[in-house]
Amino acid sequence: MDSEHVQPDTSSEDKSSTTEASFPTAALGSFIGKVGDAFGNLQKVIVDNEKRTLEMVSAMNSMMETTLKMGISSSKKLGLQVETFSVEKLKELSGQNTNDIDCSLVKLIVLVKNNTKIPIENTTIELGFTSSPNNKIKLYNIDNQKKNLTDSNVDIEKSLVWKESNQDGYKVYIDGVCLVPFTEVRTSIVLGIKNKEQIKSQFKVKFLSPGTGSEICINNSFYLYILYQYKRTYIPLNEINNSLSSKKEELIQKVKAMVLAQNAEKFQAKLDTLRKVFFVPPALGVEIGSYCIFESLEHGIFGFRIERVDDNYLGECMWLTSEETSDDGIDFDSISKEIVSSA
1 MDSEHVQPDT SSEDKSSTTE ASFPTAALGS FIGKVGDAFG NLQKVIVDNE
51 KRTLEMVSAM NSMMETTLKM GISSSKKLGL QVETFSVEKL KELSGQNTND
101 IDCSLVKLIV LVKNNTKIPI ENTTIELGFT SSPNNKIKLY NIDNQKKNLT
151 DSNVDIEKSL VWKESNQDGY KVYIDGVCLV PFTEVRTSIV LGIKNKEQIK
201 SQFKVKFLSP GTGSEICINN SFYLYILYQY KRTYIPLNEI NNSLSSKKEE
251 LIQKVKAMVL AQNAEKFQAK LDTLRKVFFV PPALGVEIGS YCIFESLEHG
301 IFGFRIERVD DNYLGECMWL TSEETSDDGI DFDSISKEIV SSA
């Protein structure tokens with residue numbers, strides 16, 4: 001009997017090898033998937049950390065900038081002192097020919113103090129003035145302007161830049177100032193103002209943030225009052241009666257001859273305010289019958305007498321002018337309001 005040739009059954013072996021061959025591929029895919037998830041989570045953690053770091057840096061920069069702003073403006077040294085300036089003083093300091101000066105001279109003392117521990121370099125101090133179209137403002141050079149801008153240890157030469165523009169008005173720039181920690185920077189300028197009026201003004205301090213490099217600007221707006229553009233003198237009652245001061249003798253005689261101003265109303269002001277505006281020494285009292293006098297080239301002399309004082313130390317003031325002074329060119333109402341608001 002012919003023997004039957006039997007073929008071996010390899011189906012189970014094929015299935016086994018197929019299973020064994022496909023298993024590493026599935027495991028590898030699973031592993032790669034898990035690695036991908038891990039990298040994705042790691043990337044998210046890194047991104048979140050970078051975001052938190054940026055937010056922290058931004059917050060620190062913001063805090064530092066706020067500290068700088070508060071450290072300068074809250075020192076109460078960011079501002080101006082305004083004084084009337086005489087032609088004689090200008091001639092003494094500048095050596096210029098002052099015979100043709102026909103304007104009011106005003107001296108502005110600039111004060112900036114850095115009350116923080118952070119030095120602020122390359123600071124720009126800017127003063128801006130906007131007048132009416134028919135007015136004219138001029139910068140006068142005096143020796144003080146060319147000296148160092150501080151009474152402390154800062155030793156950097158500074159210069160003043162004066163610009164005039166129909167759109168932007170008049171501006172003074174002082175560049176390259178270094179605000180040393182806990183140090184006051186001080187300088188002064190003298191302006192000549194052709195016509196007496198309130199001058200809208202701005203005082204800016206600009207510097208770059210040490211953290212971001214962006215510009216920080218501290219801006220104060222103010223007015224150059226009309227009263228600053230007059231020479232101001234206080235004459236107590238005893239000097240009117242006794243005329244003891246030879247320096248004031250001529251002025252006192254003119255004051256005695258003053259008459260009631262026709263275009264002016266009485267006003268009330270605190271005695272402390274009058275003391276400040278008219279530079280009354282602490283040893284002198286501001287009393288009934290005393291005079292507060294304004295002087296200028298174009299208006300001669302005018303002023304007011306303190307008529308009475310109430311229980312709240314509020315003085316009632318009566319405007320007076322000399323016989324040769326015209327009331328028309330004097331803005332009594334604005335000056336009265338300026339005095340009251342100077343408290």
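First residue of the sequence shown: 1, per full-length UniProt numbering; consecutive thereafter.
Glycine included, every Cβ here is placed at the ideal spot set by N, Cα and C.
Item checked: For F207, the three-state DSSP class (helix, strand or coil) -> The answer is strand: DSSP assigns F207 an E or B state.
Next item on the list: Kindly indicate the opening and closing residues of the alpha helix (DSSP H) around L274.
Entry: Counted as a single uninterrupted DSSP element, the alpha helix (DSSP H) harbouring L274 occupies residues 271-277.
Checklist line | Given E287 as reference, the closest of G315, G71, V177 once Cα atoms are compared | finding: G315
Notebook entry, point to check: Rounded to a whole number of angstroms, what is the C-alpha to C-alpha distance between L54 and I216?
Noted result: Counting only the Cα atoms, I216 lies some 20 Å from L54.
Checklist line | Host alpha helix (DSSP H) of N241 (start-end) | finding: 237-242
Note to self: Whole angstroms are fine: how far does the CA of T130 sit from the CA of I218?
What the structure shows: 19 Å
Check: For L42, is the classification buried or exposed, using 16 other Cβ atoms within 10 angstroms of its Cβ as the cut-off for buried?
Finding: Burial call: exposed.
Notebook entry, point to check: V190: which of D102, M63, Y140, C103 sits nearest, CA to CA?
Noted result: Y140
Next item on the list: Would you mind giving the Cβ-Cβ distance between K254 and I301, rounded to the nearest angstrom? I have them listed as a contact below 8 Å.
Entry: 5 Å
Margin query: Taking the beta carbon of E239 as the centre, do at least 16 other beta carbons fall within 10 Å, making it buried, or is it exposed?
Written below: Residue environment: E239 is assigned as buried (16 or more neighbouring CB atoms within 10 Å of its CB, all protein chains considered).
Item checked: Cβ-Cβ distance between N115 and I72 below 8 Å -> yes
Next item on the list: Within the same chain, show all residues whose beta-carbon is closer than 8 Å to that of I101, passing over the 5 residues directly before and after it, in chain order.
Entry: V87, L90, G192
Next item on the list: Helix, strand or coil for M318, going by three-state DSSP, please let me know.
Entry: strand
Checklist line | Spatial distance of V280 from Q81 (CA atoms) | finding: 17 Å
Next item on the list: Out of F222, K200, K206, K117, state which residue places its alpha-carbon closest to the alpha-carbon of V180.
Entry: K117
Notebook entry, point to check: If you run the structure through DSSP and keep just helix, strand and coil, what is T66?
Noted result: helix
Check: When the Cα of I293 is compared with those of I174, G303, K266, which residue comes out closest?
Finding: G303
Notebook entry, point to check: Mind checking whether Y230 and S201 have CB atoms under 8 Å apart?
Noted result: Taking 8 Å as the cut-off, the Cβ atoms of Y230 and S201 do not count as close.
Next item on the list: Return the residue from the list P210, S209, T183, F203 that minimises the CA-CA distance to N220.
Entry: F203
Next item on the list: Just the C-alpha distance for S62 and M318, rounded to the nearest angstrom, thanks.
Entry: 53 Å
Next item on the list: Using beta-carbon positions only, say whether E338 and I235 come within less than 8 Å of one another.
Entry: Taking 8 Å as the Cβ cut-off, E338 and I235 do not qualify as a contacting pair.
Notebook entry, point to check: Going by C-alpha distance, which of S296, D310, R305 is nearest E324?
Noted result: S296
Notebook entry, point to check: Is the CB-CB distance between S209 and E92 below 8 Å?
Noted result: no
Margin query: Relative to the C-alpha of residue 428, which candidate in K136, L320, D311, L108 has its C-alpha closest?
Written below: Residue 428 is absent from the structure shown; the chain starts at 1 and stops at 343.
Note to self: The alpha helix (DSSP H) that contains S336, what's its start and end?
What the structure shows: Here the alpha helix (DSSP H) through S336 covers 332-341.
Check: Is I226 helix, strand or coil when you go by DSSP?
Finding: helix
Check: What are the residues that DSSP puts in a beta bridge with G169?
Finding: S165
Item checked: As assigned by DSSP and simplified to three states, the class of S104 -> Three-state DSSP puts S104 in a strand.
Checklist line | Cβ-based burial, A283 [other Cβ within 10 Å; buried from 16] | finding: exposed
Item checked: Status (buried if at least 16 other CB within 10 Å, exposed otherwise) for F39 -> exposed
Notebook entry, point to check: In the structure shown, what three-state DSSP assignment does E324 receive?
Noted result: coil
Margin query: Within a Cβ cutoff of 6 Å, which residues of the same chain sit near F267, ignoring the five residues on either side of it in sequence?
Written below: C317, S336
Check: Leaving out five residues before and five after F85 in sequence, what residues of the same chain have Cβ atoms less than 7 Å from its Cβ?
Finding: So the qualifying residues of the chain are L105, V106, K107, V190.
Note to self: Among the candidates T273, E249, V205, whose CA atom is the shortest distance from the CA of L68?
What the structure shows: V205
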